[in-house]
Structure formats: C-alpha cells, structure tokens
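First residue of the sequence shown? That's 291 in the numbering used here, and the numbers climb one at a time after it.
Single-structure report; data block below.
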Amino acid sequence: MKSQRIAVAGGTGKIGRHIVEGLLEIKQQHSLEIIVLSRTHAPEGISYAGSNAPVIAVDYLNQDSIQRVLNEYQIDTIISTLSGDTPDAFIASQETLLRAGLAVPTFRRFAPSEFSIDSEQVKGVKMYQMKLPILRSLEEVKAERSPGSFEYSRFSCGVFMNYLGFGNTKPEGHKAHGYLAHFPWMIDLSKRKAEVPGDGECAIVYTRAEDVGKFVAAATQLEVWEEYNDMAGEVTTFNQVIRVCEEVCGVKFDVKYNTREDIIARMSPDPKAVMSNFQLEFYLAHLDGDCDVKRPINLNKLVDVKPMTVREYLKEWWP
Ligand SMILES: NC(=O)c1ccc[n+]([C@@H]2O[C@H](COP(=O)([O-])OP(=O)(O)OC[C@H]3O[C@@H](n4cnc5c(N)ncnc54)[C@H](OP(=O)(O)O)[C@@H]3O)[C@@H](O)[C@H]2O)c1
Numbered sequence: 291m292k293s294q295r296i297a298v299a300g301g302t303g304k305i306g307r308h309i310v311e312g313l314l315e316i317k318q319q320h321s322l323e324i325i326v327l328s329r330t331h332a333p334e335g336i337s338y339a340g341s342n343a344p345v346i347a348v349d350y351l352n353q354d355s356i357q358r359v360l361n362e363y364q365i366d367t368i369i370s371t372l373s374g375d376t377p378d379a380f381i382a383s384q385e386t387l388l389r390a391g392l393a394v395p396t397f398r399r400f401a402p403s404e405f406s407i408d409s410e411q412v413k414g415v416k417m418y419q420m421k422l423p424i425l426r427s428l429e430e431v432k433a434e435r436s437p438g439s440f441e442y443s444r445f446s447c448g449v450f451m452n453y454l455g456f457g458n459t460k461p462e463g464h465k466a467h468g469y470l471a472h473f474p475w476m477i478d479l480s481k482r483k484a485e486v487p488g489d490g491e492c493a494i495v496y497t498r499a500e501d502v503g504k505f506v507a508a509a510t511q512l513e514v515w516e517e518y519n520d521m522a523g524e525v526t527t528f529n530q531v532i533r534v535c536e537e538v539c540g541v542k543f544d545v546k547y548n549t550r551e552d553i554i555a556r557m558s559p560d561p562k563a564v565m566s567n568f569q570l571e572f573y574l575a576h577l578d579g580d581c582d583v584k585r586p587i588n589l590n591k592l593v594d595v596k597p598m599t600v601r602e603y604l605k606e607w608w609p
C-alpha cells in the first residue's frame, strides 16, 4: 500500500532536507501528510513548493516521545535520514525510532538511513558498520509480521553528485551543493585534480541530492517496497568522469592513481575516530569491487524521475 502519512527523521539535515522537499513537491498531488522529526522544535516548519511540513521535537532515546508524535499523526511510513555524533547514538536512535513505530497501529514502512552505497556491500568502511544493526532488526520484524503487513527498503544512490560542484565560481555557485556540506570527493574540479583508486576504471555511482529527494518521494507512492531501492543519476567510472571534467573545463587534470599500497600507507594505524580513515576505506572498497553495481538499478525503472547526468551537472556549474 502506498505511503500516505510520512515522518522524516532528521529531515532538517542535509539529504533529509532534500527528501522533505521531494515529498513536499508531491504532497498536494497525493494528499500526503508530511512531518519532520527533530531534536529541536522549529515553529516555522519546512516550506517548499507551496506546501509545509511541521518540524516536531522528539528525543531519539525516549521511545514514548516519538510514539506520541507518530500516534498523533497516524504515521504509516518512517524515513530515517539520521546521522549521529557517535555510532552508539546513531544505532540507538534508529532502533528507538523503529520500536516507536512498531507500537503505532498505522505504521507499516521504514527506510533506514542509507542513501549512499549499500552499507552491507562496504563493510570495510568503519563508519558504515553503524548502519548494519537496524538492517538486522528490520529483517527480524519483517519475518515476524504477517506477509505484506510490514515493509522496509534501503535506498542506495551512490555518491552525491553535488560534491563535483565544490569550488565552482558561478554567480549562484552555492546552489550546486544543495543542502550538503561543501567538500570535494576524490575529484576536485577547483584544483583540476583527482585522486582515484587503482587505475581509475572502477565503477562509481553518482546521484544529485535533489534527485535523491525526488526518487525517494516517488518511491513512497509505490504499492510495494522491494527491500532494495537502488537509484542512479549515472553509473560511470572515475576515468570517464575525469574525461568529462577535462572536456567541460577545457584543461587536462592532474590525476593520481592510488595503488592498494599507497592507500594503506596513508591510513592512520591508530585511528582516534571512526571517521579517521573514511575516504581511504572507500578507496579500498572501490579497489575490492565493493562499490560496483551488484543489482539492477530498480528505482530508476519503477518511478518516473529523470535524474541529472554527470555531464549535465558539470555543464551547469563549470568551468
Ligand atoms: N551518498 C553520499 O555521498 C552521502 C554523503 C553524506 C551522507 N550520506 C548518508 O546520508 C545519511 C544522512 O547523512 P546527512 O549527512 O544528511 O546527515 P546530517 O545532515 O549530518 O544529519 C541528519 C540529522 O540527524 C539528526 N540527528 C539526530 N541525532 C543526532 C545526533 N546524535 N547527532 C547528530 N545529528 C543527529 C539531526 O537533526 P536534528 O538536529 O533536527 O535532530 C541532523 O540534522 C547518512 O546515512 C549518511 O551516511 C551519504
């Protein structure tokens, strides 16, 4: 059954905000109720495309505080776009969110905070290990419930294309980033430089954050959720992207190809934080084929969203 009453946890954040805007764009057409859960009440809510979603304060470590809100709004679908200061806080918050939902009679769909490369594929990325416990919980809940009465789906979109906009100098260049943080990911067009894993032939999936919002919103109107909802603006390789960057910028890029030994040598042997080796762990994941496309990109076929390609994005923001 389609989602009708949707709560976006973390919807004030980066990708969360794009998903809220995607939902607000289709809210009137499908008579949806959209609410945003946050640790902080925001009286103005989030407005977009002539619609508004209230931002309601909850305590992610207190099930009752979430349950009350989900009950009041008779929520059927929870989309988690949470992050966390620590893995423990993240794991506990998503689990509490799920438990709160399960105590509400109308609840039947949950999307955990994925929105990247499937966390189960990139187990070498330490930060992403915190995404695994909720998947086990979701599998258990689905197995316990009667068929069709509970669905979950992991939304995977690869890397946000917006990171290719870092350092652009277009008049409204900040818009290239959407609500995301501003930094380059492996390819830095502002310096005409790239640091890529291996020989650069490994696959990379890019989706623009705005398109992720549209894809997720459209997916809420599917009658059935598959356990995977994979989307892509483009499936490409590092070398192909660099070729397009060079073409659009009109200059040759300085590219460093990193061997496994190069990458390991740069890793902190005694990481103080779970994020310390984050990008380097991703280099290894690419080298190991863990970031390859393992399944058909099903969501592109299931919904009518026309995402931006890398070339279209680069032409908008560069040279
Ligand atoms: N594909 C990619 O390239 C890519 C890049 C970055 C992130 N991601 C993924 O996208 C998902 C969301 O990441 P994001 O960067 O969009 O998240 P974010 O903006 O950093 O955080 C989302 C929201 O989580 C809420 N939150 C709840 N408990 C928190 C806590 N203990 N500490 C911090 N925030 C807390 C905050 O909302 P309130 O303050 O309103 O409570 C925050 O705005 C993650 O799964 C992440 O791995 C993917």
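For each residue, glycine too, the CB sits at the ideal point set by N, CA and C.
Because the structure is a prediction, the values reported are computed rather than measured.
From the options, pick the residue whose C-alpha is nearest to that of residue i; which is it?
i      : options                           : result
TYR418 : LYS542, ILE356, PHE568 and ARG389 : PHE568
LEU592 : PRO402, GLY438 and GLU516         : GLU516
LYS596 : LYS504, GLU430 and ARG435         : LYS504
ALA299 : PRO395, ALA401 and VAL412         : ALA401
ASN519 : ALA509, PHE572 and ASP478         : ALA509
ASP578 : ASP489, VAL538 and ARG556         : ASP489
THR376 : LYS421, VAL412, SER337 and GLY340 : LYS421
GLU602 : ALA507, THR396 and THR497         : THR497
ALA297 : ALA382, GLY391, SER373 and PHE380 : GLY391
SER406 : ASP552, SER446, GLU606 and VAL326 : SER446
GLU429 : SER436, TYR442, GLY438 and PRO437 : TYR442
VAL564 : PRO333, GLY374, ALA332 and HIS320 : GLY374
ALA379 : GLU536, PRO423, ASP560 and ILE325 : PRO423
ASP366 : ALA555, ILE381, LEU388 and GLU404 : LEU388
ALA555 : VAL538, LEU360 and TYR573         : TYR573
LEU604 : ILE368, GLY301, LEU454 and LYS562 : LEU454
THR459 : PRO474, SER480, ARG444 and PHE473 : SER480
PRO395 : ASN361, ILE381, LYS317 and ARG550 : ASN361
ILE368 : HIS320, ARG444, ARG426 and ASP552 : ARG444
Please work out which residues of its chain come closer than 8 Å, Cβ to Cβ, to residue i, disregarding the five sequence neighbours upstream and downstream, and give them in chain order.
i      : result
TYR239 : Any answer about residue 239 is impossible in this case: the structure gives the chain only from 291 up to 609.
ASP349 : ARG329, SER355 and ILE356
What residues in its chain sit with their C-beta under 6 Å from that of residue i, if we drop five residues either side in the sequence?
i      : result
GLY335 : ASN342, ALA343, PRO344 and VAL345
GLU614 : No answer is possible for residue 614: the residues shown for the chain start at 291 and end at 609.
GLU311 : TYR338 and GLY503
SER566 : SER558
ALA332 : VAL345
What I want to know is whether the C-beta of residue i ends up closer than 7 Å to one or more non-hydrogen atoms of ligand 1.
i      : result
PHE572 : no
GLY414 : no
THR526 : no
ASP375 : yes
TYR603 : no
GLU404 : yes
SER328 : yes
PHE440 : no
GLY391 : no
ALA509 : no
TYR518 : no
THR241 : Since the first residue shown for the chain is 291 and the last is 609, residue 241 is missing from the structure and cannot be characterised.
VAL336 : Note that residue 336 corresponds to Ile in the displayed sequence, not to Val. It does not: the Cβ of ILE336 is nowhere closer than 7 Å to a heavy atom of ligand 1.
Do residue i and residue j have their CB atoms nearer than 8 Å?
i      : j      : result
ALA522 : GLY448 : yes
ALA484 : VAL525 : no
VAL534 : ARG482 : no
ARG295 : GLU315 : no
ILE494 : VAL531 : yes
GLU513 : MET291 : yes
PHE456 : ARG398 : no
ASN529 : PRO487 : no
ALA507 : LEU313 : yes
VAL630 : MET476 : The question about residue 630 has no answer, for the chain in this structure spans 291 to 609.
HIS403 : SER370 : The sequence shown places Ser at residue 403, not His. Yes, the Cβ-Cβ distance between SER403 and SER370 is below 8 Å.
TRP607 : CYS539 : no
PHE543 : GLU536 : yes
Compare the C-beta of residue i against all C-beta atoms of chain D and say whether one is closer than 8 Å.
i      : result
ASP501 : The question asks about chain D, but that chain is absent: this structure has only one protein chain.
Which same chain residues end up closer than 7 Å to residue i when comparing Cβ atoms and leaving out the 5 residues on each side of it in sequence?
i      : result
THR386 : TYR350, LEU351, GLN353 and ILE356
ALA575 : VAL412, GLY414, VAL415 and CYS581
GLU491 : THR527 and ASN529
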